[in-house]
Amino acid sequence: MNIKPLADRVLIEPAAAETKTIGGIIIPDTAKEKPLQGTIVAVGGGTKDEEMILKEGDQVLYGKYAGTEIEHEGKKYLIMRQSDVVAILG
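Set out below in structure tokens:
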């Protein structure tokens, strides 16, 4: 991974959005619900005030509007602060 988050930020690969059909009608990508979970692929080093508790490979839940979407080598990622992550999935 060529992207290294700074400070208390994490880079998340969102889970794939579910594809649903309603009576044979395929819902376009723009109308699909955004996934609210993903896998952490890179973490920053934390700050002097906030220790980094998340690590690469953690499955996490995050807020609906959390983070900034970025695209790198054709894949979509979210970068957000550690505090925007609401839970680690066990």
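In our numbering, the protein residues as written are 249 to 338.
All C-beta atoms in this analysis are idealised placements derived from N, C-alpha and C, irrespective of residue type, glycine included.
Keep in mind the model is a prediction, meaning the values are calculated, not measured.
**Message:** According to DSSP, residue 335 sits in a beta bridge with which residue or residues?
**Reply:** 309, per the DSSP bridge assignment.
**Request:** Take the Cβ of residue 288 as the centre, count every other Cβ of all protein chains shown within 10 Å, and call the residue buried at 16 or more, exposed below.
**Result:** With 16 or more other Cβ atoms inside 10 Å of its own Cβ, residue 288 counts as buried.
**Request:** For residue 318, write down the residues that DSSP places opposite it in a beta bridge.
**Result:** DSSP output for residue 318 lists 325 as bridge partner(s).
**Item:** residue 334 versus residue 272: straight-line alpha-carbon distance, rounded
**Value:** Cα to Cα, the separation comes out at about 35 Å.
**Best match in 285, 318, 330 for proximity to residue 251 [C-alpha to C-alpha]** = A check of alpha carbon separations from residue 251 across 285, 318, 330 identifies 318 as the nearest.
**Item:** Residues bridged to residue 258 (per DSSP)
**Value:** According to DSSP, which records beta bridges pairwise, residue 258 is partnered with 291, 328.
**Prompt:** So what's residue 273 in DSSP terms, helix, strand or just coil?
**Reply:** It is a strand residue.
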